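Going by our numbering, the residue at position 224 of the sequence shown is 714; the numbering climbs one at a time, nothing skipped.
Beta carbons are placed, not taken as given, at the ideal position from N, Cα and C, and that holds for glycine.
Owing to the predicted nature of the structure, the values given are computational and were not obtained by experimental measurement.
Reviewing the structure listed below.
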Amino acid sequence: MPTPAADPAADEGARPAAWRLVVVGALGGLLSGLFGVGGGIVMVPLLIVLAGMDQRRASATSLAAIVPTALAGSIAYLVNGQVDLVAAALVATGGIVGGWIGATLLARLPLEWLRWLFIALLVVVAIRLALGAPDRTADPVPLEPASALGLVALGLVVGIASGLFGVGGGLIMVPAFITLFGLGDLIARGTSLVAMIPTAVSGSVKNVRGRLVDLRTALIVGGAATLAALPGVALAFLIPPTVGGWLFAALLLAAAAQLSVRAIRARRRGSA
Numbered sequence: 491m492p493t494p495a496a497d498p499a500a501d502e503g504a505r506p507a508a509w510r511l512v513v514v515g516a517l518g519g520l521l522s523g524l525f526g527v528g529g530g531i532v533m534v535p536l537l538i539v540l541a542g543m544d545q546r547r548a549s550a551t552s553l554a555a556i557v558p559t560a561l562a563g564s565i566a567y568l569v570n571g572q573v574d575l576v577a578a579a580l581v582a583t584g585g586i587v588g589g590w591i592g593a594t595l596l597a598r599l600p601l602e603w604l605r606w607l608f609i610a611l612l613v614v615v616a617i618r619l620a621l622g623a624p625d626r627t628a629d630p631v632p633l634e635p636a637s638a639l640g641l642v643a644l645g646l647v648v649g650i651a652s653g654l655f656g657v658g659g660g661l662i663m664v665p666a667f668i669t670l671f672g673l674g675d676l677i678a679r680g681t682s683l684v685a686m687i688p689t690a691v692s693g694s695v696k697n698v699r700g701r702l703v704d705l706r707t708a709l710i711v712g713g714a715a716t717l718a719a720l721p722g723v724a725l726a727f728l729i730p731p732t733v734g735g736w737l738f739a740a741l742l743l744a745a746a747a748q749l750s751v752r753a754i755r756a757r758r759r760g761s762a
């Protein structure tokens with residue numbers, strides 16, 4: 491007789507200690523504020539290792555925790571005048587559509603070659619950021635038809651990549667804002683955080699309805715991440731642009747390594 495599937499919220503005794511979740515949230519929130527990313531690149535693997543979650547629940551719970559974290563970081567950047575709200579809205583519009591496309595393609599496309607191309611792109615962008623310091627005083631994106639279409643297209647790419655590879659939009663948005671649209675590093679990070687809020691909210695609502703989110707874990711991780719995001723923003727203003735570029739390049743290489751491990755494991759499972 492088959493064993494019925496366990497309810498994710500049923501096994502209270504198997505839940506990790508709160509201090510572990512605080513550590514996960516603090517590290518993710520610090521990265522979120524410092525680099526303008528969601529923090530999932532750290533939170534997802536730590537939730538798997540420290541909280542014993544599987545990949546799907548870790549990703550869903552991390553996304554829910556990102557919502558208050560991105561909101562807190564966005565407010566901090568906005569107060570300091572480092573957010574381009576128009577650019578964020580245009581990217582978010584494309585991102586919502588792109589996320590749906592990515593989720594649809596996930597079930598239809600062979601992802602191996604796409605994944606390796608995306609990994610190569612992350613490495614190339616990391617090298618570009620490491621070699622050239624962004625201009626911290628750059629102006630917001632000019633509101634012209636070509637730039638507006640470019641921002642929507644960027645949102646589409648971000649959403650599709652997030653849906654296909656489970657990579658947070660900030661890893662793509664921040665380098666693109668700097669290298670393609672000429673934004674300064676601080677305004678690129680603040681704008682990235684604002685742009686990812688609608689996508690994170692919509693995805694989290696869907697995941698909660700699908701019972702993929704551990705609400706207790708999301709609340710603890712999200713609370714710790716929200717508090718840690720504020721000193722992360724403060725560090726972003728203190729670190730020189732050149733050093734910030736090197737650190738973000740290191741973050742991109744870490745993401746590329748993480749995706750490489752996933753790709754190798756997926757190939758092994760496919761050939762088993």
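Here Asp-625 is exposed: its Cβ has fewer than 16 other Cβ atoms, across all protein chains shown, within 10 Å. By the Cβ test, the segment 573 to 587 is not in contact with the segment 723 to 734, since fewer than three Cβ pairs between them sit closer than 8 Å. Excluding the 5 residues flanking it on each side, Ser-652 has same chain C-beta neighbours closer than 8 Å at Gly-585, Gly-588, Gly-589, Gly-592, Gly-658, Gly-659 and Thr-689, in chain order. By the Cβ rule, the segment 677 to 695 counts as touching the segment 549 to 564, because three or more pairs are nearer than 8 Å. In terms of CA proximity to Gly-722, Leu-676 leads the group Leu-676, Leu-580, Val-698 and Leu-749.
A distance below 8 Å separates the beta carbons of Leu-725 and Leu-524. Pairwise C-beta distances place the segment 536 to 551 in contact with the segment 700 to 720, as three or more of them are shorter than 8 Å.
Here DSSP, grouped into helix, strand and coil, assigns Met-663 to helix. Contact annotation: Pro-558 and Leu-619 have beta-carbon atoms that are not nearer than 8 Å. Here Val-539 is exposed: its Cβ has fewer than 16 other Cβ atoms, across all protein chains shown, within 10 Å. Inclusion of Ala-740 and Ala-516 in the CB contact set at 8 Å is not warranted, their separation being larger than that value. Collapsing the DSSP output to three states places Pro-506 in coil. Around Ser-637, the same chain offers Val-631 as residues with beta carbons nearer than 6 Å, after the five sequence neighbours per side are excluded. With a 10 Å radius around the Cβ and a threshold of 16 neighbouring Cβ atoms, Leu-621 comes out exposed.
By the beta-carbon neighbour count (other beta carbons within 10 angstroms, threshold 16), Arg-758 is exposed. Ala-555 is not a Cβ neighbour of Ala-718, given a cutoff of 8 Å.
Within the same chain, Cβ atoms closer than 7 Å to the Cβ of Ser-750 are found at Ile-609, the five residues on either side in sequence being excluded. For Pro-688, the enclosing alpha helix (DSSP H) covers residues 675 to 699. The DSSP assignment places complete alpha helix (DSSP H) segments of no fewer than 4 residues inside the segment 566 to 621 at 575 to 596 and 602 to 621, in order along the chain. Ile-662 counts as buried, since no fewer than 16 other beta carbons sit within 10 angstroms of its beta carbon. DSSP places Ala-541 in the coil class of the three-state scheme, outside both helix and strand. Distance from the CA atom of Ile-754 to the CA atom of Leu-633, rounded to whole angstroms, is 43 Å. Assignment of Gly-640 by DSSP, reduced to helix, strand and coil, places it in the helix class. Counting along the chain, Leu-717 sits inside the alpha helix (DSSP H) bounded by residues 705 to 728.
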